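Numbering-wise (the working numbering), the sequence shown opens with residue 2 and increments by one. Positions of the beta carbon are idealized from the N, C-alpha and C atoms, including for glycine. These figures come from a predicted structure and were not determined experimentally. This report concerns only the one structure given below.
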Amino acid sequence: MACRLARGGWKALVAHPRATVNLLLLRGGLAEVTSWAVEAIRRGARRLLLLGYKGHQTQFVPPTGELASAFSLLTMLGRRVGLVVAADDYSRRRLGLAQTCGEGFVRVSLDGRRDRCCFVACEYRNGK
């Protein structure tokens, strides 16, 4: 069954047993991410995934300290209410929780080129 959701439609799906709520942290967005997490928990979320922005718009990349604060806060919330909290590979690497991003991951472009990273501007590109 396919469904089309309007803006804010995540609220209709958040309590599904296999749903994972993705929380994108932008620079200066700790309060907003925390608010989204609390709302998701109130609506029955069972899993939260923290994503630190890493695209081309460097003014949106959160500082490592802010990313660490967000992950710590979400982890603490998760322990209190019994839900799973995780971070994407890039965020885990920035926090020193992993040595590589997407180990075993290979991105294949439409023209057949292979790349182990999804973002051209990633500071961990080419083994950095």
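Look at arginine 115 here: in three-state DSSP terms it is strand. Here DSSP, grouped into helix, strand and coil, assigns alanine 38 to helix.
In this structure the segment 69 to 77 touches the segment 31 to 42; the number of beta carbon pairs closer than 8 angstroms is three or more. Per DSSP, alanine 87 lies in no alpha helix (DSSP H); the unbroken beta strand (DSSP E) holding it starts and ends at 85 to 88. Taking the Cα of lysine 55 as reference, the smallest distance to any Cα among Ala41, Val22 and Leu26 is reached at Leu26. Residue state for glycine 30 is assigned as coil, using DSSP reduced to three classes.
Setting aside the 5 residues that flank it on each side, lysine 12 is surrounded in the same chain by Arg44, each with a C-beta closer than 7 angstroms to its C-beta; the list follows chain order.
If you check the CB distance, arginine 95 and glycine 66 do not come in under 8 angstroms. Counting the other Cβ atoms within 10 Å of the Cβ of valine 22 gives 16 or more, which makes it buried. If you compare the alpha carbons of Leu49, Gln58 and Trp37 with that of arginine 80, the shortest gap goes to Leu49. Closest by C-alpha distance to alanine 46, out of Arg114, Ser36, Gly97 and His17, is His17.
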